[in-house]
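*Asks:*
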Ligand code: SAH
Ligand code: MG
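Numbering (this note's numbering), first residue to last: -1 to 209.
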């Protein structure tokens, strides 16, 4: 397996719409490559795909390893993406129903990046899917709802599926409250408490390993 991210795919990721700084996306890709060699044959799962930006970095790593990324999102936006909130983008609203719909954007992003074979959209509510999930993961990336309840629920429901030696990535971890909301930082602390070991920190991205 080659540990080189093609400039074409990386360019697509950088150009894609969403909330993933390039250095943190590159960290996701490296984490994916390492995760796939630590836990051979197991898939990746990301919670919170939005328009597919982070999915490109993770999907490219999955493809290089011959596994897949399950990209889980209900595509209705988090609380912070709704009208009146900081991260709202009005053109992502389906005017007929007055609800956000990022799924068409996600599909187009993944198609354009040439990753449709390796990125499998799972369209649904994270806790609902999590209740029935039963497959060990080489890598879990948590970037869904950032409120206290959603973040802690994602942590509790999904981290048990990280295989021994597998990788947990958490986004938007801000040790200083002045930089952002607390819940992602809180679940990062829980992960350390639960025995995950920190492997890398890039911006607000944390990459941890399950013992
Ligand atoms: N990783 C993305 C950004 C994710 S934004 C990027 O690289 O740009 C957070 C996403 O989490 C939103 O798309 C929202 O729809 C999704 N989300 C929030 N709560 C969710 C839930 N309970 N189930 C599924 N998806 C959820
Ligand atoms: Mg994020």
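From the three backbone atoms N, C-alpha and C, an ideal C-beta is built for every residue, glycine too.
1. When you compare the CB positions of residue 144 and residue 102, do they come within less than 9 Å of one another, or not?
2. Reducing DSSP to helix, strand and coil, say where residue 129 ends up.
3. Label residue 104 either buried or exposed according to how many other C-beta atoms from any shown protein chain fall within 10 Å of its C-beta, with 16 as the threshold for buried.
4. Skipping 5 residues on each side, what residues in its chain have a beta carbon closer than 7 Å to that of residue -1?
5. So residue 229 packs on residue 204, CB below 8 Å; how close in whole Å?
6. Taking DSSP's pairing of strands, which residues face residue 195 in a bridge?
7. Beta carbon of residue 139, beta carbon of residue 44: below 9 Å?
8. May I ask which residues mark the beginning and end of the beta strand (DSSP E) holding residue 173?
*Replies:* The answer reads as follows:
1. no
2. helix
3. buried
4. Residue placement at residue -1 is poorly supported in this model, since its pLDDT is 46, which falls under 50; the coordinates are not used for a value here.
5. This structure does not reach residue 229, given that the chain is present from -1 up to 209, and the question cannot be answered.
6. 207
7. yes
8. Segment: none, residue 173 is in no beta strand (DSSP E) and carries neither H nor E.
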